[in-house]
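Heads up, the thing below is written out as structure tokens.
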Amino acid sequence: MKNQKAFYWILGSVFSIGAAAVIFFTIQEDAAATVNGDKISRDELHERLVDQYGQELLDSLITEKVIAQEAEKENVKVAQEEIDEEKTLYAESYGGEDALKQTLESSGVTMAGFEKDIEKYLATKKLLEPRIDITEDEMKAYFDENKDSFAQAEQVSASHILVEDEATAKEVIEKLNDGGDFAELAAEYSTDESNKDAGGDLGFFGKGEMVAEFEEVLFALEPGKISEPVKTEYGYHVIKVAEKQEAKEAVYENVKEEIKNTLFETEMQSEYTAWLEEKFEEYEIKNYLEG
-2 MKNQKAFYWI LGSVFSIGAA AVIFFTIQED AAATVNGDKI SRDELHERLV DQYGQELLDS
58 LITEKVIAQE AEKENVKVAQ EEIDEEKTLY AESYGGEDAL KQTLESSGVT MAGFEKDIEK
118 YLATKKLLEP RIDITEDEMK AYFDENKDSF AQAEQVSASH ILVEDEATAK EVIEKLNDGG
178 DFAELAAEYS TDESNKDAGG DLGFFGKGEM VAEFEEVLFA LEPGKISEPV KTEYGYHVIK
238 VAEKQEAKEA VYENVKEEIK NTLFETEMQS EYTAWLEEKF EEYEIKNYLE G
């Protein structure tokens, strides 16, 4: 999963103040609202928003200016394909692009705005790269400390059809043995609404993720084979194994880049603070909200 900490930390409170920022710029009339004809003016709203969010938002905008000017000075460019690649990684970590869009919308942030934030993050990352050196010793130490997390346990990819009784399960198995299509029968028979329309696909999973009765049959079943009815607390399952992946020990060279990225983003968070403080000292910044 994509490491999100550095991204959000560097961008500040984009989600928490995003909705407030939208309010600033979307009110068109002199009155922000009326209650039985009693007006709440734009000036009232503006004053309240500035009091509550103004300094936080202004600090964020000042920081954006500093980053933009530094990027221009250092000739740092961010290509659209880099933005798209980063966005894809975040979408995957949220469970897909639709889930990401919903999260952004609930925070008052548009996808276009999110892409701009990614661009700022990537520009900042490029500006900080010369200041961060991840050594081979650090990477190996991290690997040794987290070796178990990089190892791959035995995994199985399977589908199932869940029905209420054994007789129905046997009816499904009979149709499968007569050449019936597993996915079509899952859509017709399965009571598992979460995956019946996907052919009963459960994806890959390891031991300990399913109920014991289900796993006992599942891990003993050969790929392509259909199980007899398997009774669990949920009903009767007809299981088909698609693929098995054997357990593998972690190999440093296979995860070296992943470790480097993890250590870099961790180091980046602390380095960003020091870098920004240096830039604030260098730049002439006048903050009129501070009085």
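Residue numbers (our numbering): -2 to 288. The beta-carbon is built from N, C-alpha and C at its ideal position, and this holds for glycine as well. This structure is a prediction, so every number in the text was calculated from the model and none was measured.
Could you tell me which residues DSSP pairs with Ser156 in its beta bridges?
Asp198, Lys237
Helix, strand or coil for Ser187, going by three-state DSSP, please let me know.
coil
What does Ser104 pair with, by DSSP beta-bridge criteria?
According to DSSP, which records beta bridges pairwise, Ser104 is partnered with nothing at all.
Buried/exposed call for Tyr285, threshold 16 Cβ in 10 Å
exposed
Residue ranges of each alpha helix (DSSP H) within the segment 91 to 145, 4 or longer:
94 to 103, 108 to 125, 133 to 142
I need the straight-line Cα distance from Lys113 to Lys253, nearest angstrom please.
30 angstroms
Apart from the five residues on each side of it in sequence, which residues of its chain come closer than 6 angstroms, Cβ to Cβ, to Asn290?
Nothing about residue 290 can be read from this structure; the chain reaches only from -2 to 288.
Terminal residues of the beta strand (DSSP E) in which Val32 lies:
28 to 32
Decide yes or no for the touch test of the segment 222 to 237 against the segment 195 to 211: beta carbon pairs closer than 8 angstroms, at least 3 of them.
yes
Let's see if you can read the secondary structure: which residues bound the alpha helix (DSSP H) around Asp56?
52 to 70
Bridge partners for Val227 per DSSP, in chain order?
His234
Would you say the segment 258 to 269 touches the segment 162 to 180, given that touching needs at least three Cβ pairs under 8 angstroms?
no
Straight-line CA distance for Val214 to Pro226?
10 angstroms
Inter-residue spacing [alpha-carbon to alpha-carbon] between Glu246 and Asp145:
8 angstroms
Any beta-carbon of chain C closer than 8 angstroms to the one on Glu278?
Absence of chain C from the displayed structure is noted, only one protein chain being present.
The ligand ZN and Lys253: does any heavy atom of the ligand fall closer than 7 angstroms to the residue's C-beta?
As for the ligand ZN, it is missing from this structure, which has no ligand bound.
8 angstroms Cβ cutoff met for Ser224 and Ala183:
no
Should Phe140 and Ile256 be called a contact, given that it needs their Cβ atoms to be closer than 8 angstroms?
yes
How big is the Cα-Cα spacing for Glu94 and Ala88?
5 angstroms
Taking just the CA atoms, how far does Gln49 sit from Gly105?
17 angstroms
Measure the Cβ-Cβ separation of Gln242 and Gln99 and say whether it is below 8 angstroms.
no
What distance in whole Å lies between the Cβ atoms of Val75 and Ala120, which are believed to be in contact at a cut-off of 8 angstroms?
5 angstroms
Do Arg128 and Trp272 come within 8 angstroms of each other at the CB atom, strictly closer than that value?
yes
Lys245 (DSSP reduced to helix, strand or coil):
strand
Can you tell me whether DSSP reads Phe22 as helix, strand or coil?
In this prediction, Phe22 scores a pLDDT of 45, lower than 50, which makes its location untrustworthy; the coordinate-derived value is nonetheless stated afterwards. In the structure shown, Phe22 sits in a helix (DSSP, three-state: H, G or I).
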